[in-house]
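Which chain is which? The protein sequence lines are A and D, in order. Quick note on this note's numbering: the first sequence kicks off at 63 and runs consecutively. Quick note on this note's numbering: the second sequence kicks off at -9 and runs consecutively. Every residue, glycine too, gets a C-beta built ideally from N, C-alpha and C. None of these values were measured; they are calculated from a predicted model. Below is one structure; the comments refer to it alone.
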Amino acid sequence: MVEYNDLIFEISRPGRSGYSLPKSDVESVDLQGKLPKHLIRDENEAAELPEVSELQLVRHYTALSNKNHGIDNGFYPLGSCTMKYNPKINEDIARLPGFSRIHPYQSPETAQGALELLYNLQEELAVITGMDAISLQPSAGAQGEWTGLMMVKAYHEKNGENRKKVLVPDSAHGTNPASASVAGFETTTIPSDKDGLVDLEALKQLVNSDTAALMLTNPNTLGLFETEIEEIAQVVHEAGGLLYYDGANANAILGKTTPGAMGFDIVHLNLHKTFTTPHGGGGPGAGPVGVKANLIPYLPVPRIEKDGEDYVLNSDYPLSIGRVKGYHGNFGILVRAYTYIRTMGPEGLRQVSEGAVLHANYLRKKLEEHFDSPYTQLCKHEFVLSGSRQKKLGVRTLDMAKRLLDFGYHPPTIYFPLNVEEGLMIEPTETESKETMDAFAEAMIQIAKEVEEDPEMVLNAPHTTIVGRLDEVQAARKPVVRYTKEKDAEREKETVKA
Amino acid sequence: MVITLTEPALDKLKTTKIKEQQYPRIDAEVAGGCGMSMKFKLVFDELRPNDSVIEYDGIQIRLDRFTKRYLDEETQIDYNVEEGFLVGESFASSACAIEID
């Protein structure tokens, strides 16, 4: 059986093609002398495009697509990423002609149904987050963070203040300090205490009149709920700062509590995490932002509002930070998220967080004896193990992650958060069965045993993938991102030599 | 694999009091998230089963299999008072990787 593992360039044969055109009835013209020289391509510099038949093309890309790992073909416990199942009904609804065949330049009067959906989604997300208003414009979580921080800046400037500091805990997502920096703030790191939570005393020392905001995920990246959240909010608010909620971990609190109830002023949600819109592959995503009433004037415009029975676009907000995305966000993604919310209903959404927390704790208890567990208290939707026990035996977390590929699992998030040595951050999500979690736990336990009894098996993993352990140093330092025959021949030579 | 120590690094290592059962080791420290970055450090700790031992001017430096996989074939260890030991070149797998301070 022929396996289509070769590059498409390697199956190329000169002169083969996937199409045939009738002979041109227009006489060909020699362009030399008719066009400026720099516009005429030298034949020797023509792009070396692959020459394949239509069937080869179809087989090649179908085989390639089957090599992809996604939630539809395997367990994907990537911590903090909430890789849960995306119900197919979302796709059916998003493809309805009434949603898929409208144009963003249509006048609002002719797109009332679409605007109604967007307005309703705003309302639903406001209830879910405990906020007073929502903007659907930001196209991903990090853009949501940046949008929120630009509103923080506008709010303080309106109050005649030029606050420069954004506080982030040491377990924060990397996007938090990055977004703060892009928005023109300096970041200050708040250490975690021995229980993995925000060190309240350290926070009190670091909060001052220059504090613009504290960015927090709750539950945090260790999967632990910040039990002192009300006091944290009070400390920040008393200093005149705002509290920003990173919704990356909203799957853990859905229907149980809200960022608004915890004292947050601004929220972003990752619809591709909590609300089952497609995830990964570079988007499109959606990162709606919600605010409390005092920040509504700063929301992006145009805002989608209801005027009597009509849905209208309102840009009459002079303090607004302006538009942050073309049109009204990634509309098709918003349709999917709305479908999910409406099909689940309030009780269904509550079951999501209950299931996510139950599954994480089930898996945590199954694995804690085999790996070090820096934090042993009840977790929320995810938990973090440490591979430090295995490190002493000469096997590292990355080696174990590679070995998991042999079992057909996407590895957990590794080496993050940074405050756990050799960390493995595991988020099973509510959509996995007990059998899948049991099988994953068995694989993890087997790997832990192999580290002790047959470390070579782990150190040389993966064994069952199309390519083995990749040379990541070479890939990082000398990346080859374009195929040429010369480079391929050079590579072949080096492989034979090795 | 060749490891060389600069004069200050050699002097410092020879004068450092190392606890019993501990040995100088080059160890890869990894930061993850969206991508991966790696930095190499000189630490003093216990033996690991698959350690390689590389000698330079009478000093034995250990490294585990993982670290050896990622460390450059030729690596220099330097030392200064402000930054301590400086080992080889760090690298990141993508622009999204979190850099270790």
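Using DSSP's beta-bridge definition, name the partner residues of residue i.
i	result
A:H330	A:D308, A:V351
A:N376	A:R365
D:G74	D:N70
D:A18	D:F30
D:S80	DSSP lists no partner for D:S80.
A:L276	A:L229, A:L305
A:T475	A:M487
A:V260	A:S254
A:S197	A:V351
A:L97	A:Q94
A:L83	DSSP lists no partner for A:L83.
D:Y13	D:D35
Select from the options the residue whose C-alpha is nearest the C-alpha of residue i.
i	options	result
D:A82	D:I44, D:L61, D:V71	D:L61
A:G192	A:V329, A:H432, A:A537	A:V329
A:L183	A:Q118, A:I366, A:S450, A:E110	A:I366
A:E556	A:V543, A:G410, A:Q536	A:Q536
A:Y81	A:I70, A:G95, A:L117, A:E72	A:L117
A:A310	A:G449, A:L140, A:V397, A:I73	A:L140
A:Y437	A:M487, A:R398, A:A399	A:M487
A:V482	D:R59, D:G23, D:T(-6), D:K7	D:G23
A:Q508	A:L532, A:A463, A:R539	A:A463
D:L53	D:M26, D:D1, D:N40	D:N40
A:L381	A:G222, A:I70, A:L361	A:L361
A:L158	A:G302, A:F393, A:A295, A:V446	A:F393
A:G407	A:E186, A:I395, A:Q94	A:E186
A:L455	A:N106, A:A510, A:I196, A:G222	A:A510
A:Y471	A:L126, A:M145, A:G77, A:K99	A:M145
A:H131	A:E416, A:G342, A:Q267, A:T319	A:G342
A:E409	A:M213, A:A503, A:I190	A:I190
Between residue i and residue j, how many whole angstroms is the CB-CB distance? I'm expecting something under 8 Å.
i	j	result
D:G78	D:F30	5 Å
A:M506	A:L420	A:M506 to A:L420, Cβ: 19 Å. No contact.
A:L460	D:F56	7 Å
D:I67	D:A18	In fact, because the Cβ distance is near 14 Å, the residues do not count as touching under 8 Å.
A:R412	A:L331	Contact flag wrong, Cβ pair sits at about 17 Å.
A:E288	A:V260	6 Å
A:Y424	A:F337	Rounded, the Cβ-Cβ distance is 24 Å, inconsistent with contact.
A:R398	A:T339	5 Å
A:V520	A:R465	5 Å
A:K253	A:A245	The sequence given here has Pro at residue 253 of chain A, not Lys. With a Cβ gap of about 23 Å, A:P253 and A:A245 do not count as contacting.
A:T405	A:I151	6 Å
A:L177	A:P166	Rounded, the Cβ-Cβ distance is 11 Å, inconsistent with contact.
D:T65	D:I(-7)	5 Å
A:S74	A:V114	6 Å
A:L198	A:H390	6 Å
Grab the span of the beta strand (DSSP E) containing residue i for me, first residue to last.
i	result
A:T249	248 to 252
D:E45	42 to 46
A:I403	Taken as a continuous stretch (DSSP letters only), A:I403 belongs to no beta strand (DSSP E), being part of the alpha helix (DSSP H) at 393 to 429.
D:R52	49 to 53
A:F445	445 to 448
May I ask which residues mark the beginning and end of the alpha helix (DSSP H) holding residue i?
i	result
A:A176	174 to 191
A:M499	496 to 515
A:G206	203 to 220
A:M487	Premise fails: A:M487 lies in the beta strand (DSSP E), 485 to 488, not in any alpha helix (DSSP H).
A:T237	237 to 244
D:I(-7)	D:I(-7) -> not in any alpha helix (DSSP H); beta strand (DSSP E) instead, spanning -8 to -5.
A:I562	Nothing can be reported for residue 562 of chain A, as the shown portion of chain A is limited to 63 through 560.
A:K464	459 to 467
A:K150	150 to 156
Check: Would the stretch 271 to 280 of chain A and the stretch 210 to 219 of chain A be scored as touching if the rule is three or more Cβ pairs under 8 Å?
Finding: yes
Item checked: At least 3 beta-carbon pairs within less than 8 Å: the stretch 196 to 207 of chain A vs the stretch 342 to 352 of chain A -> yes
Next item on the list: Spell out a yes or no on whether the stretch 439 to 447 of chain A and the stretch 521 to 531 of chain A are touching, meaning 3 or more CB-CB pairs, one atom from each, closer than 8 Å.
Entry: no
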